[in-house]
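Undergrad: First residue of the sequence shown: 0, per numbering that gives the first Met the number 0; consecutive thereafter.
Every residue, glycine too, gets a C-beta built ideally from N, C-alpha and C.
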Amino acid sequence: MKLIRAVAFASLALGFSFYTHAQESAPKPASTTPRNITIDDYFQIREVSQPELSPDGQWVAYAVRTRMLKEDKNEQRLWMVSTHGGDSIPLTAEGVSSSHPRWSPDGKYLAFLSARNNGKTQVWLLNRLGGEAAHLTDSPQGVDDFEWSPDSTRLVLILRDPKPEELEAAKDKDKDKSPAAAKPKTPPPFVIDRLQFKRDTVGYLDRRRTHLYVFDVASKKTTQITSGDFDDSEPAWSPDGLSLAFTSNRSTPDPDRTYNSDIWVVAANNADKGAHLTQITTNPGPDRSPAWSPDGKWIAFVTETDLKAMIYATHHLAIAPSTGGEMKVLTLAFDRSVRRPRFSADSRSIYFIADDDGTESLCRISVAGGEVTRPIGGRLTVASYSLGKDGAIVAQIGMLDRPDEIYLSN
């Protein structure tokens with residue numbers, strides 16, 4: 000593996016056991032005696048994450064989080080670095096946080112999420128040729144997630160049903176009125192009418208649900224393609240751009256009464272808000288994280304088959320025909336939990352991250368099953384990764400003696 004970007008960190012003499020290109024120009028520590036990390040050191044460490052390899056394999060976009068002690072906040076910027084090494088290039092400005100970088104498949108743009116000018120989180124667009132980021136979406140409730148279509152003309156958005164006040168604010172904005180100038184209203188009380196009434200990081204739950212919307216980049220028109228009293232998430236485009244696979248808990252009338260979720264497919268151009276869906280999985284346990292094979296024949300996903308163990312069950316890798324049919328669990332003999340499945344460019348194997356004895360390895364298995372190999376393994380933690388068309392792998396890797404870095408394996 001090759002280190003292509005080094006974290007900016009405090010000058011700690013931790014006894015690094017391998018050479019990085021960043022050390023050529025870095026000042027040598029005054030002492031090589033190891034010492035304990037202090038609070039000041041902690042705030043010097045930059046947290047690197049979310050690596051995304053460009054379609055041509057020449058660049059890696061990634062996020063860098065800075066912890067700001069005096070301001071009591073975190074700030075995250077997007078950067079880019081060549082896969083051949085060299086200096087990193089900042090893509091987003093200081094003073095605002097940005098996340099979720101995604102290259103358009105044609106390589107012309109980099110889209111990302113950011114909440115700017117005291118507004119909601121929206122999708123922003125950067126041209127590879129340079130210039131300022133352009134405001135792409137303008138949804139009243141903000142964008143939770145998005146993914147590019149294979150032809151780079153559309154995005155699938157994950158939006159939560161808007162609140163009445165959000166729709167009202169959007170109307171005021173259209174009329175060139177400032178919602179900030181309006182008199183503050185007393186917030187309404189929470190009305191609890193669900194079995195699951197509260198969730199960590201979210202708070203009290205209402206009946207607003209997350210659904211899929213298709214956004215046309217040229218016309219900026221948004222079309223809702225799923226609906227109902229269910230949460231839809233983790234969208235994945237089919238290779239031909241005609242369909243979207245997603246995770247949803249719509250298998251039972253009341254999803255609050257079960258941990259079950261399934262993989263579904265919806266036509267990307269449907270106009271009935273998802274009235275006609277194809278159910279891919281029928282496993283009574285949770286199925287999630289769908290990923291299409293490049294040839295369009297299979298959908299890989301993470302499944303749980305031990306219902307009695309509930310959330311403590313082993314998370315397995317499975318595949319099912321993209322048109323529906325019997326699923327096949329590939330990792331029953333692999334006693335490790337898996338996540339983040341991705342097909343190889345030739346559709347013959349599937350990559351995934353697996354827990355293993357306090358570490359997390361990047362693993363691979365054939366679509367026919369068999370032995371699990373570890374393209375990236377050892378005493379390290381692979382937090383996320385991105386695959387190139389030529390077999391290159393960019394990964395966020397942490398080790399015992401250093402913060403996470405971005406590595407390239409080709």
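Under a three-way DSSP split, which group does Ile262 fall into?
TA: The count along the sequence shown starts at 1 and reaches residue 262 at position 263. Strand, per DSSP.
Undergrad: Thinking C-alpha only, which one of Glu131, Gly240 and Val122 is nearest Asp150?
TA: Taking the first residue of the sequence shown as 1, we reach residue 150 at position 151. Cα-wise, what sits closest to Asp150 is Gly240.
Undergrad: Pull up the distance between the alpha-carbon of Ile405 and that of Glu167, whole angstroms please.
TA: The residue labelled residue 405 in the question sits at position 406 within the sequence shown. The residue labelled residue 167 in the question sits at position 168 within the sequence shown. Their backbone Cα atoms lie some 44 Å apart in a straight line.
Undergrad: Which runs of the alpha helix (DSSP H) fall wholly inside the region 142-224 and span at least 4 residues, in chain order?
TA: If we require 4 residues or more, the alpha helix (DSSP H) runs fully inside the region 142-224 come out as 163-173.
Undergrad: Helix, strand or coil: which one does DSSP assign to Tyr18?
TA: Position 19 of the sequence shown holds residue 18. Since pLDDT at Tyr18 reaches only 26, below the 50 mark, its modelled position is unreliable, and no value is offered.
Undergrad: Quick check on the DSSP output: the alpha helix (DSSP H) that includes Tyr41 runs from which residue to which?
TA: For the purposes of this step, residue 41 is taken as residue 42 along the sequence shown, with counting starting at 1. Run containing Tyr41: Ile38 to Tyr41, per the alpha helix (DSSP H) assignment.
Undergrad: By DSSP, does Ala270 sit in helix, in strand, or in coil?
TA: Within the sequence shown, numbered from 1, the residue matching residue 270 stands at position 271. Of the three classes helix, strand and coil, the one that applies to Ala270 here is coil, per DSSP.
Undergrad: Can you tell me whether DSSP reads Glu23 as helix, strand or coil?
TA: Residue numbering aside, residue 23 sits at position 24 when the sequence shown is read from its first letter. With a pLDDT of only 33 at Glu23, under 50, the local geometry of the prediction cannot be trusted, and the value read off the model is given with reservation. Three-state DSSP puts Glu23 in a helix.
Undergrad: Determine the DSSP secondary structure at Ala382, reduced to helix, strand or coil.
TA: By one-based count along the sequence shown, residue 382 stands at place 383. Residue state, collapsed to three classes: strand.
Undergrad: What separation, rounded to the nearest whole angstrom, lies between the Cα atoms of Pro340 and Gly94?
TA: By one-based count along the sequence shown, residue 340 stands at place 341. By one-based count along the sequence shown, residue 94 stands at place 95. If I take the Cα positions, the gap works out to 34 Å.
Undergrad: Whole angstroms are fine: how far does the CA of Leu109 sit from the CA of Thr65?
TA: For the purposes of this step, residue 65 is identified with residue 66 of the sequence shown, where counting begins at 1. For the purposes of this step, residue 109 is identified with residue 110 of the sequence shown, where counting begins at 1. In a straight line, the C-alpha of Thr65 is about 22 Å away from that of Leu109.
Undergrad: Measuring alpha carbon to alpha carbon, tell me which residue in Asn116, Leu112 and Leu128 is nearest Leu135.
TA: Taking the first residue of the sequence shown as 1, we reach residue 135 at position 136. Here the closest residue by C-alpha is Leu112.
Undergrad: Looking at the strands, I want to know which residues DSSP matches up with Tyr350.
TA: Here residue 350 is taken as the residue at index 351 of the sequence shown, counted from 1. Answer is Arg341 and Arg363.
Undergrad: Do you know offhand how far Ala391's Cα is from Ser218's?
TA: The residue you call residue 391 lines up with position 392 of the sequence shown. The residue you call residue 218 lines up with position 219 of the sequence shown. Approximately 35 Å, taken between the alpha carbons.
Undergrad: Pull up the distance between the alpha-carbon of Gly369 and that of Pro285, whole angstroms please.
TA: For the purposes of this step, residue 369 is taken as residue 370 along the sequence shown, with counting starting at 1. For the purposes of this step, residue 285 is taken as residue 286 along the sequence shown, with counting starting at 1. The straight-line gap from Cα to Cα measures roughly 23 Å.
Undergrad: Name the residue from Ser232, Ile396, Trp297 and Arg101 whose alpha carbon lies nearest to the alpha carbon of Ser365.
TA: Residue mapping note: residue 365 aligns to position 366 of the sequence shown, counting from 1. Per the Cα distances, Trp297.
Undergrad: Does the Cβ of Pro187 have 16 or more other Cβ atoms within 10 Å, making it buried, or fewer, making it exposed?
TA: Translated into the one-based positions of the sequence shown, residue 187 becomes position 188. It counts as exposed.
Undergrad: Ignoring anything shorter than 3 residues or poking outside the region 293-331, list the beta strand (DSSP E) runs there in chain order.
TA: Taking only runs of at least 3 residues, the beta strand (DSSP E) segments lying wholly in the region 293-331 are 297-302 and 315-320.
Undergrad: Would you mind reading off the limits of the beta strand (DSSP E) that contains Ser48?
TA: Locating residue 48 in the sequence shown gives position 49, where the first residue counts as 1. Counting along the chain, the beta strand (DSSP E) containing Ser48 begins and ends at Glu46 to Leu52.
Undergrad: So, are the CB atoms of Phe229 and Arg208 less than 8 Å apart?
TA: What you label residue 229 is simply residue 230 of the sequence shown in a count that begins at 1. What you label residue 208 is simply residue 209 of the sequence shown in a count that begins at 1. A contact, by the Cβ cut-off of 8 Å.
Undergrad: Assign Arg256 to one of three DSSP states: helix, strand, or coil.
TA: Within the sequence shown, numbered from 1, the residue matching residue 256 stands at position 257. In the structure shown, Arg256 sits in a helix (DSSP, three-state: H, G or I).
Undergrad: Could you work out which residue in Asp400, Met398, Asn409 and Ala382 is closest to Ser48 when comparing CA atoms only?
TA: For the purposes of this step, residue 48 is taken as the residue at position 49 of the sequence shown. Checking every option, the nearest Cα to that of Ser48 belongs to Ala382.
Undergrad: Look at the alpha carbon of Leu11 and the alpha carbon of Pro283, and state the distance between them as a whole number of angstroms.
TA: Along the sequence shown, read from residue 1 onward, the residue named residue 11 stands at position 12. Along the sequence shown, read from residue 1 onward, the residue named residue 283 stands at position 284. Its pLDDT being 27, under 50, Leu11 is placed unreliably by the model, and the measurement read from it follows with that caveat. Taking the straight line from one Cα to the other gives about 50 Å.
Undergrad: Out of Gly227, Ser226 and Tyr212, which one is the CA nearest neighbour of Lys220?
TA: The residue you call residue 220 lines up with position 221 of the sequence shown. Minimum Cα distance to Lys220 is reached at Tyr212.
Undergrad: With DSSP collapsed to three states, give me the class of Asp83.
TA: As a first step, residue 83 must be located in the sequence shown, where it is residue number 84. Correcting the residue identity first, residue 83 is His in this sequence and not Asp. Note: His83 maps to coil in three-state DSSP.
Undergrad: Mapping DSSP to helix, strand and coil, what is Val122?
TA: Residue 122 sits at position 123 when you count from the first residue of the sequence shown. Strand.
Undergrad: In the DSSP assignment, what are the bridge partners of Pro89?
TA: Along the sequence shown, read from residue 1 onward, the residue named residue 89 stands at position 90. Trp78, per the DSSP bridge assignment.
Undergrad: Using a Cβ-Cβ cut-off of 6 Å (strictly less than) and excluding sequence neighbours within five positions of Val63, which residues of its own chain qualify?
TA: Mapped onto the sequence shown, residue 63 falls at position 64. Answer for Val63: Arg45, Val47, Arg76 and Trp78, listed in chain order.
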